[in-house]
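So the protein sequences, as listed, match chains W and Z. The working numbering puts the first residue of the first sequence at 118, with every later residue one more than the last. The working numbering puts the first residue of the second sequence at 5, with every later residue one more than the last.
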Amino acid sequence: MNAAKIREKVAFSILGLITLFVVAPILLVILYILKNGIGTVSWEFVTQAPRNGMKEGGIFPAIVGTILLITGTMLFSLPVGVLAAIHLVEYARDNFFTRLIKLSVVNLSGIPSIVYGLFGFTLFVVFLKLGTSILAGSLTLAIMSLPVIITATKEALESVPASFREISFSLGATRWQTVRYCVLPYALPGILTGTVLSLSRAAGETAPILFTVAAFYLPRLPRTVFDQVMALPYHLYVISTQVPNMPLKLSFATAFVLIALVFLMNLVSVILRAHFRKKKLW
Amino acid sequence: MSCYYGSVTVLKEVSIEIHSNEILGIIGPANSGKTTFLRALNRLNFLNTSYAQTGEIFFRSQNIKNISDNILRKKIGIIFALPQVLPVSIFNNVAYGPKVHGITDKETVGQIVEGALKKAYLWDEVKDRLNEPAVKLSGGQQQRLCIARTLAVEPEVILYDEPCSGLDPISTAKVEDAMQQLKQDYTQILVTNNTKQAARVSERCGFFLMGELVEIGETNELFTNPRDKRTDDYITGRFG
């Protein structure tokens, strides 16, 4: 082996090792939770309401609450986010105003989630009088997810070759037809990835729901969107820090369910993405 | 007509009259404004926001400013330099135009696609695999597919922007054959870097240099007896 080959080998080994360091903490966290939590997770645990000061029973209301919140978040943030990105990329002229909006979007994604929580509380709960409710919580989470969805959609749209648009325009298609038939279908996998990523994050957030929706203990299920619900991340916070003498295994089991839920969402997006990619022929 | 990109003047007061059913060749070195001229005709230049234009373009004595872009581009189709197909099937590439113009009846679309592919001399090669992805076709086939796609919206004028620059001589010959056959029904404008191609295909020919229309006339005359010395220099290969 000559010197160049050896140098290459060394470089690759170092890069591989660094990659391992990146993956290792994630794997360790997941394995640790899996090991400590899986024993407690049972059919009863995921289908029963908590009993006896939350020390017994299950976490069913929190699972339902989190699923409702994710759904609500998606209903608000997906259409608004995707349409906003379509406007920014395909329609908006490149002027001061547009650049200002783009800059704001980038900066919004860096705002701490507790700020969103307080903002949502002030705007939705107090000012719009929605009360602490699923609606207020979903809206707050939606606002938090918007910047990520907009950015991801924007990048997905921009990565569609300009020639597709040119072909479409040259055949006399209108701008909307061009976007609808020659851009969106090819941007869909990217949009999907960004959306699921931001929804996963929303599913695990505690701060934004703290003042806007989450209930400390509420075993019954919500009837309307103006009801409060329990949610997995907040429940986890509660049983880990707010209730004395709580068995630790319950925390691990709750964390496990939350991670499983997020994982499931990602799995669905991977399958959908693979399905759409089959149509991508360039 | 003059055209600008930002502060750069690309075309300087060009004035051309184009006859119907002719093949007009446009030759000239790179950066002489040929493509800009072509794309001005169906307002594709305006997709670039820094583009500006003075002067008027009339199509069948109607100012193209007063025709909406999608109607204008339906009537004036363009074939790009590199074969650019959409990443869908051969059939759907051709069917896209009729679709955006509101033709949804499957049988009608099928007939239009078949007719367009026949006119572009591609039908025999692809009739058994219309549902295969268009990107699987060879470069020459793709370029003829682009011609078929343009024909499918039933234009009156076809603009070619160096349509054979990426093609081998046999594919080029096929595209040129197609152009000759299309002459009876369409007005065609051919921008090309290949002066020989312009001489072979076109009836009249214009020579662009640095954004100016130096000379325009019968192709035979332009090539055998150019009035301007710069034209002579270019076609005999002394520069460019």
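Cβ atoms here follow ideal geometry from the backbone N, Cα and C, with glycine treated the same way. Model, not experiment: these values are computed from the prediction.
Environment of residue i [buried if 16+ CB atoms lie within 10 Å]
| i | result |
| --- | --- |
| Z:Lys78 | buried |
| Z:Asp165 | buried |
| W:His352 | buried |
| W:Phe238 | buried |
| W:Tyr208 | exposed |
| Z:Asn70 | exposed |
| Z:Gln192 | buried |
| Z:Ile83 | buried |
| Z:Gln114 | At residue 114 of chain Z the sequence reads Gly, which differs from the Gln that was named. With fewer than 16 other Cβ atoms within 10 Å, it is exposed. |
| W:Asp344 | buried |
| W:Pro306 | buried |
| Z:Glu222 | exposed |
| Z:Arg148 | buried |
| W:Ser262 | buried |
| W:Ser130 | exposed |
| W:Leu132 | exposed |
| W:Gln359 | exposed |
Helix, strand or coil at residue i [DSSP, three-state]
| i | result |
| --- | --- |
| W:Pro364 | coil |
| Z:Arg47 | coil |
| W:Arg390 | helix |
| Z:Phe95 | helix |
| W:Tyr334 | coil |
| W:Thr348 | The residue asked about is misnamed: residue 348 of chain W is Ala in this sequence, not Thr. The answer is coil: DSSP assigns W:Ala348 none of H, G, I, E or B. |
| W:Ile356 | helix |
| W:Arg210 | coil |
| W:Leu240 | helix |
| W:Gly289 | coil |
| W:Ile155 | coil |
| W:Leu378 | helix |
| W:Ile218 | helix |
| Z:Leu86 | coil |
| Z:Val14 | strand |
| W:Pro142 | helix |
| Z:Val179 | helix |
| Z:Gly244 | Because Z:Gly244 carries a pLDDT of 46, less than 50, the predicted location of this residue cannot be relied on, and the following value inherits that uncertainty. It is coil, neither helix nor strand. |
| Z:His105 | coil |
| W:Asn119 | coil |
| W:Ser250 | coil |
| W:Glu272 | helix |
| W:Leu245 | coil |
C-beta contact flag for residue i and residue j at 8 Å
| i | j | result |
| --- | --- | --- |
| Z:Glu160 | Z:Gln145 | no |
| W:Pro178 | W:Met347 | yes |
| Z:Asn25 | Z:Gln188 | yes |
| Z:Arg208 | Z:Glu219 | no |
| Z:Asn74 | W:Ala290 | yes |
| W:Asn169 | W:Lys366 | no |
| W:Thr329 | W:Leu349 | no |
| W:Pro339 | W:Thr257 | no |
| Z:Ile27 | Z:Ser206 | yes |
| W:Met171 | W:Tyr298 | no |
| W:Leu252 | W:Ile203 | no |
| Z:Gly29 | Z:Leu213 | no |
| W:Thr270 | W:Gly198 | yes |
Near the ligand COA: residue i beta-carbon under 7 Å from a heavy atom
| i | result |
| --- | --- |
| W:Ser315 | Annotation note on the ligand COA: not contained in the displayed structure, which lists no ligands. |
Those residues which DSSP pairs with residue i across a bridge
| i | result |
| --- | --- |
| Z:Asn67 | Z:Phe62 |
| Z:Thr191 | Z:Val161 |
| W:Phe400 | Missing from the structure shown is residue 400 of chain W; chain W here goes from 118 to 399 and no further. |
| Z:Leu213 | Z:Glu216 |
| W:Arg318 | DSSP output for W:Arg318 lists no bridge partner at all. |
| Z:Glu222 | Z:Arg208 |
| Z:Leu274 | Since the first and last residues shown for chain Z are 5 and 244, residue 274 of chain Z lies out of range. |
| W:Glu173 | W:Arg168 |
| Z:Gly81 | Z:Ile162 |
| W:Leu309 | None; W:Leu309 has no bridge partner. |
Where residue i meets chain B, residues with beta-carbon distance less than 7 Å
| i | result |
| --- | --- |
| W:Thr291 | Going by chain labels, chain B is absent from the structure shown, which instead holds the protein chains W and Z. |
Could I get the ranges of all uninterrupted alpha helix (DSSP H) runs contained in the segment 115-176 of chain Z, with 4 residues as the minimum, in chain order? 127-130 and 143-155
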